[in-house]
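Notes for the one structure printed next.
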Amino acid sequence: MSFSLVARPQPSKLMVYLSPLLALILTLFSGFLMFSLMGIDGLDALYAFFILPISDSYGFSELLVKAIPLILIGVGLSIGFKANVWNIGAEGQLVMGAVAAGGVALFAYESESIWVLPAMMIAGILGGMAWGAVPAWLKTRFNANEILTSLMLTYVAGLFLSFLVHGPWRDPEGFNFPESRLFSESALLPIILEDTRLHIGMIIALLVVATIWILLSKTLIGFQVKVVGSAPRAARFAGFKEKGLIWFSLLLGGGLAGLAGMIEVSGPIGQLVPQVSPGYGFTAIIVAFVGRLHPLGVTIAGLLLALSYLGGETLQIEMGLPQAVTGVFQGMLLFFLLACDVLIKFRINMTQKASKTESVKQEASA
Amino acid sequence: MKHPFKKIVGIAATVAGLAIAGQSMAETKVGFVYVGPVGDHGWTYRHDIGRQAIEDKFGDQVKTTYVESVKEGPDAERVVRKMAASGHDLIFTTSFGFMNPTLKVAKKFPKVKFEHATGYKRVKNMSTFAGRFYEGRYVVGTAAGHMTKSNIIGYVASFPIPEVVRGINAVARSARAVNPDATVKVVWVNSWYDPGKEADAAKTLIDQGADIILQHTDSPAPLQVAEQRGVWGVGQASDMSSYAPNNQLTAIIDNWDQYYIERTQAVIDGNWKSGDTWGGIKSGMVEMAPWNDAVPADVVAAAEKVQKAIVDGSLHPFQGPVINQNGEQVIPAGEVLDDGALSGMNYYVQGVEGSLPK
Numbered sequence: 031m032s033f034s035l036v037a038r039p040q041p042s043k044l045m046v047y048l049s050p051l052l053a054l055i056l057t058l059f060s061g062f063l064m065f066s067l068m069g070i071d072g073l074d075a076l077y078a079f080f081i082l083p084i085s086d087s088y089g090f091s092e093l094l095v096k097a098i099p100l101i102l103i104g105v106g107l108s109i110g111f112k113a114n115v116w117n118i119g120a121e122g123q124l125v126m127g128a129v130a131a132g133g134v135a136l137f138a139y140e141s142e143s144i145w146v147l148p149a150m151m152i153a154g155i156l157g158g159m160a161w162g163a164v165p166a167w168l169k170t171r172f173n174a175n176e177i178l179t180s181l182m183l184t185y186v187a188g189l190f191l192s193f194l195v196h197g198p199w200r201d202p203e204g205f206n207f208p209e210s211r212l213f214s215e216s217a218l219l220p221i222i223l224e225d226t227r228l229h230i231g232m233i234i235a236l237l238v239v240a241t242i243w244i245l246l247s248k249t250l251i252g253f254q255v256k257v258v259g260s261a262p263r264a265a266r267f268a269g270f271k272e273k274g275l276i277w278f279s280l281l282l283g284g285g286l287a288g289l290a291g292m293i294e295v296s297g298p299i300g301q302l303v304p305q306v307s308p309g310y311g312f313t314a315i316i317v318a319f320v321g322r323l324h325p326l327g328v329t330i331a332g333l334l335l336a337l338s339y340l341g342g343e344t345l346q347i348e349m350g351l352p353q354a355v356t357g358v359f360q361g362m363l364l365f366f367l368l369a370c371d372v373l374i375k376f377r378i379n380m381t382q383k384a385s386k387t388e389s390v391k392q393e394a395s396a
Numbered sequence: 004m005k006h007p008f009k010k011i012v013g014i015a016a017t018v019a020g021l022a023i024a025g026q027s028m029a030e031t032k033v034g035f036v037y038v039g040p041v042g043d044h045g046w047t048y049r050h051d052i053g054r055q056a057i058e059d060k061f062g063d064q065v066k067t068t069y070v071e072s073v074k075e076g077p078d079a080e081r082v083v084r085k086m087a088a089s090g091h092d093l094i095f096t097t098s099f100g101f102m103n104p105t106l107k108v109a110k111k112f113p114k115v116k117f118e119h120a121t122g123y124k125r126v127k128n129m130s131t132f133a134g135r136f137y138e139g140r141y142v143v144g145t146a147a148g149h150m151t152k153s154n155i156i157g158y159v160a161s162f163p164i165p166e167v168v169r170g171i172n173a174v175a176r177s178a179r180a181v182n183p184d185a186t187v188k189v190v191w192v193n194s195w196y197d198p199g200k201e202a203d204a205a206k207t208l209i210d211q212g213a214d215i216i217l218q219h220t221d222s223p224a225p226l227q228v229a230e231q232r233g234v235w236g237v238g239q240a241s242d243m244s245s246y247a248p249n250n251q252l253t254a255i256i257d258n259w260d261q262y263y264i265e266r267t268q269a270v271i272d273g274n275w276k277s278g279d280t281w282g283g284i285k286s287g288m289v290e291m292a293p294w295n296d297a298v299p300a301d302v303v304a305a306a307e308k309v310q311k312a313i314v315d316g317s318l319h320p321f322q323g324p325v326i327n328q329n330g331e332q333v334i335p336a337g338e339v340l341d342d343g344a345l346s347g348m349n350y351y352v353q354g355v356e357g358s359l360p361k
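These protein sequence lines are chains A and B, in that order. Its first residue numbered 31, the first sequence is counted upward by one per residue in this note's numbering. Its first residue numbered 4, the second sequence is counted upward by one per residue in this note's numbering.
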């Protein structure tokens with residue numbers, strides 16, 4: 031007996047949207063099993079993982095703080111992924127956004143002007159865009175694979191930031207430790223909920239999500255993105271400029287990642303440090319796909335992934351479980367999502383006799 | 004309850020239960036925020052041994068918790084704050100990058116005590132502590148100077164911060180004190196814990212002729228490479244001889260047990276005070292692992308003599324003249340670099356190759 035995957039002629043539309051939910055339920059179930067096997071009350075552990083971290087307003091605000099960069103980058107990337115432009119380097123674009131915005135903040139050190147923040151924001155977006163423009167140019171000019179170029183540029187960005195905070199932008203009063211001065215008050219994002227770290231970046235993120243949604247559903251460029259992604263040949267016949275879309279996707283993705291970088295350094299971090307992101311640019315790729323490349327889906331996925339980090343910490347503090355549990359949880363979620371996707375697009379075909387004779391034949395001829 | 008006796012027992016049990024519950028409410032909670040996994044067998048592993056020492060010492064009186072592999076940055080602030088908000092009385096944050104996050108939380112939770120390792124910012128409820136690991140490195144450098152045949156000592160380094168630079172300089176100074184031809188080659192990996200990069204750095208150094216590998220990164224990877232390639236390695240933070248049974252020269256062991264117990268005791272007694280503690284070989288915060296059996300007795304004797312001199316104060320690893328890489332005298336003979344100068348060290352001394360990344 032053998033199994034083979036046969037493409038379904040028409041994947042169920044309903045299931046495409048249900049599969050993340052199904053994956054979540056399967057993850058919960060397996061998580062419960064895993065905890066029970068470890069000798070821990072499964073329900074207690076799931077409660078500590080999913081509910082406890084956001085059971086008070088502070089916890090909930092932290093969830094939003096963690097989700098903001100993921101959502102911002104995720105929606106930007108989803109446009110590119112829809113158009114088959116594979117920008118894997120959002121992490122580097124985030125870093126360059128942080129560098130550009132941080133540069134403005136340090137240049138305007140001790141300035142009290144209200145223009146510092148807007149200038150930082152523009153600098154952050156431009157910094158990310160510039161870093162997205164490099165793979166776009168290499169792709170359109172030399173047909174260089176953007177997966178490789180954007181990924182490699184991530185390391186360049188990281189080293190550039192490291193150079194700056196170890197050298198010219200190092201805090202002069204910081205005993206040579208590699209970090210910049212703490213930004214002045216005027217370069218810090220206003221807090222929108224007192225006694226928390228929830229900053230105005232959340233409103234910016236919501237605005238961005240709404241804008242991208244409108245862009246995708248109501249504008250010509252949004253239509254082009256969708257057509258190029260699902261039917262590249264048709265798009266070519268229709269005369270859509272593929273190069274233009276490559277530029278658009280990478281500049282948009284880069285710009286939003288740069289904005290996320292600006293928000294991180296002027297929000298929760300408040301200075302430039304050697305590592306401004308714990309891998310948001312990479313996690314956002316997962317967020318984009320879990321969210322079905324749809325702005326609303328990406329928002330929910332961003333919150334879910336953020337919760338998985340918070341939950342992992344709570345499990346460690348409350349139940350003394352190792353950090354690896356978080357990784358296992360995220361892994362299970364992705365695994366089930368991909369598995370569900372496969373089963374929605376394909377069905378398993380069990381063939382008994384035919385394949386057997388075929389394999390015998392193959393063996394004989396070999 | 005049919006029987007009155009049962010009822011009394013029941014009430015007694017309830018009261019006892021309440022009493023126990025009341026007691027556990029008063030227990031001291033000590034939290035730890037680690038930068039690496041507790042299984043790194045280096046830096047974080049040793050801090051976790053310190054945490055266990057608290058548990059062993061105080062038993063039910065103290066409850067400890069930890070969060071491992073916390074990223075330096077905004078995540079750290081959330082974790083520290085979560086600990087402060089969940090009733091911890093004393094919180095240790097054990098990486099330099101946790102300094103500003105710890106400080107921010109410390110200001111918001113004035114009643115909680117904070118202990119930050121390797122930083123320099125202190126407030127009323129936030130102390131700093133660190134080990135004088137350069138003393139251990141100076142001892143190792145003495146042996147390395149005697150043992151090296153190629154006169155090249157390889158050094159796998161993490162970030163070019165003063166603490167790490169001090170270690171490199173200490174090795175260069177002591178190695179050249181016994182072997183003026185010895186040089187130190189450094190490869191920076193820009194990470195505290197990245198076994199892949201650490202191993203690559205060790206390989207590069209060996210390919211460039213190094214026959215002794217030191218490391219200021221937290222995984223046993225460089226030591227394992229040394230074992231495979233048949234050169235000497237030095238364990239970092241803990242005795243790593245199980246990873247290199249034949250080729251671990253010695254190891255510089257961090258021992259936080261005593262400090263952690265003292266600070267916990269101070270919180271229990273209510274006399275905890277903010278301060279800055281630097282413990283060296285003398286105070287037991289820095290220990291040397293047993294020397295490898297293959298090390299000649301005279302080399303061991305020379306290294307132990309240096310170690311003794313550091314303990315009794317007759318030798319300071321940075322006693323003058325201290326001459327930097329460019330040949331400029333930092334301090335003349337007869338003077339000693341004070342702690343302020345040590346904590347801001349941003350230059351290589353003579354004998355270190357290459358230039359310090361700036």
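Note that the Cβ used here is the ideal one computed from N, Cα and C, for glycine as well.
query = Looking only at its own chain, which residues have a Cβ that is under 8 angstroms from the Cβ of Thr467 of chain A, when we skip the five neighbours before and after it?
reply = The structure shown does not extend to residue 467 of chain A, since chain A is modelled only from 31 through 396, so no value can be given for it.
message = For Gly233 of chain B and Asn250 of chain B, I'd like the C-alpha separation in whole angstroms.
response = Annotation: Gly233 of chain B to Asn250 of chain B spans about 7 angstroms, alpha carbon to alpha carbon.
request  = Quick one: residues in its chain with C-beta nearer than 6 angstroms to the C-beta of Val146 of chain A, no 5 flanking neighbours on either side, listed in chain order?
outcome  = Ala138, Ser216 and Ala217
task = Would you mind stating whether Met126 of chain A and Trp167 of chain A have Cβ atoms separated by less than 8 angstroms?
result = no
request  = Look up Ala37 of chain A in the DSSP assignment and give the residues it is bridged to.
outcome  = Answer by DSSP bridge pairing, in chain order: A:Phe376.
query = If you run the structure through DSSP and keep just helix, strand and coil, what is Tyr310 of chain A?
reply = helix
task = Could you tell me which uninterrupted beta strand (DSSP E) segments, each at least 3 residues in length, are contained entirely in the stretch 149-217 of chain B, listed from first to last along the chain?
result = 155-160 and 186-191
ask   = Under 8 angstroms Cβ-Cβ, which residues of chain A neighbour Met86 of chain B?
value = Ile347
key: contact_flag[the stretch 231-248 of chain A, the stretch 96-111 of chain A] where n(CB pairs < 8 angstroms) is 3 or more   = yes
message = Out of B:Asn182, B:Gly42, B:Val192 and B:Gln239, which one is the CA nearest neighbour of Pro304 of chain A?
response = For the residues B:Asn182, B:Gly42, B:Val192 and B:Gln239, the minimum Cα distance to Pro304 of chain A belongs to B:Val192.
message = For a test of the three-state rule: what should DSSP assign to Ser72 of chain B, helix, strand or coil?
response = Here Ser72 of chain B carries a coil assignment [DSSP, helix/strand/coil].
task = Please decide whether Asp279 of chain B counts as near chain A, where near means a Cβ-Cβ distance under 8 angstroms.
result = Output row for Asp279 of chain B: interface = no.
key: Contact list for Gln353 of chain A against chain B, beta-carbon separation under 8 angstroms   = Pro40, Val70, Glu71 and Ser72
inquiry  = Assuming the contact rule is C-beta atoms closer than 8 angstroms, Ile109 of chain A and Gly283 of chain A should be a hit. Round their C-beta distance to whole Å, please.
reply    = 7 angstroms
query = Looking at the unbroken beta strand (DSSP E) that takes in Thr96 of chain B, where does it start and where does it end?
reply = Leu93 to Thr96
request  = Please say whether Gly134 of chain B and Gly337 of chain B have beta carbons closer to each other than 8 angstroms?
outcome  = no
ask   = Between the stretch 292-313 of chain A and chain B, which residues of the former have CB atoms less than 9 angstroms from a CB of the latter, in chain order?
value = Glu294, Gly297, Pro298, Ile299, Gly300, Gln301, Val303, Pro304, Gln305, Val306, Ser307, Pro308 and Gly309
key: As assigned by DSSP and simplified to three states, the class of Ser32 of chain A   = strand
ask   = Taking Asn295 of chain B as the reference, which of B:Met348, B:Lys66 and B:Leu252 has the closest Cα?
value = Checking every option, the nearest Cα to that of Asn295 of chain B belongs to B:Leu252.
message = At the level of alpha carbons, what is the spacing between Phe376 of chain A and Ser32 of chain A?
response = 16 angstroms
query = Tell me, which residues are paired with Ser130 of chain B by DSSP?
reply = B:Glu118
inquiry  = Can you tell me whether Lys96 of chain A is buried or exposed? The criterion is at least 16 other CB atoms within 10 Å of its CB, across all chains shown.
reply    = buried
ask   = How many Å lie between Gln353 of chain A and Ile233 of chain A at the Cα?
value = 31 angstroms
query = When DSSP labels each residue in this structure, what does Lys66 of chain B get in the three-state scheme?
reply = strand
task = At 8 angstroms on the CB atoms, spell out the chain B contacts of Ser192 of chain A, in chain order.
result = In chain order: Asn193.
task = Could you confirm whether any beta carbon from chain E is found closer than 8 angstroms to the beta carbon of Asp184 of chain B?
result = Among the protein chains of the structure shown, namely A and B, there is no chain E.
Amino acids of chain A, ordered along the chain, whose beta-carbon sits closer than 7 angstroms to that of Gly90 of chain B = Neighbours of Gly90 of chain B on chain A: none; closest Cβ ~10 angstroms, over 7 angstroms.
query = What residues in the stretch 201-223 of chain A have a beta carbon less than 9 angstroms from any beta carbon of chain B?
reply = Gly204, Phe205, Asn206, Phe207, Pro208, Glu209 and Leu212
message = Within 8 angstroms of any Cβ in chain B, is that where the Cβ of Gly350 of chain A sits?
response = The beta-carbon of Gly350 of chain A is placed less than 8 angstroms from the nearest beta-carbon of chain B.
ask   = How would you list, in chain order, the residues of chain A whose beta-carbon sits under 7 angstroms from the beta-carbon of Asp78 of chain B?
value = Pro308
ask   = Between Thr280 of chain B and Tyr263 of chain B, is the Cβ-Cβ spacing less than 8 angstroms?
value = no
query = List, in order along the chain, the chain A residues whose C-beta lies closer than 7 angstroms to that of Ser346 of chain B?
reply = Phe205
inquiry  = Strictly by DSSP, which residues pair up with Lys32 of chain B?
reply    = Under DSSP, Lys32 of chain B shares a beta bridge with B:Lys66.
task = Identify the contact partners of Glu343 of chain A in chain B, using a Cβ-Cβ distance below 9 angstroms as the criterion.
result = Val70, Val73, Asp78, Arg81, Val82 and Lys85, listed in chain order.
ask   = If you check the beta carbons only, do Ile326 of chain B and Gln353 of chain B fall under 8 angstroms apart?
value = yes
Validate contact between the stretch 253-260 of chain B and the stretch 137-150 of chain B using beta carbons, cut 8 angstroms, 3 pairs = Contact between the stretch 253-260 of chain B and the stretch 137-150 of chain B is present: 3 or more CB-CB pairs across the two stretches fall below 8 angstroms.
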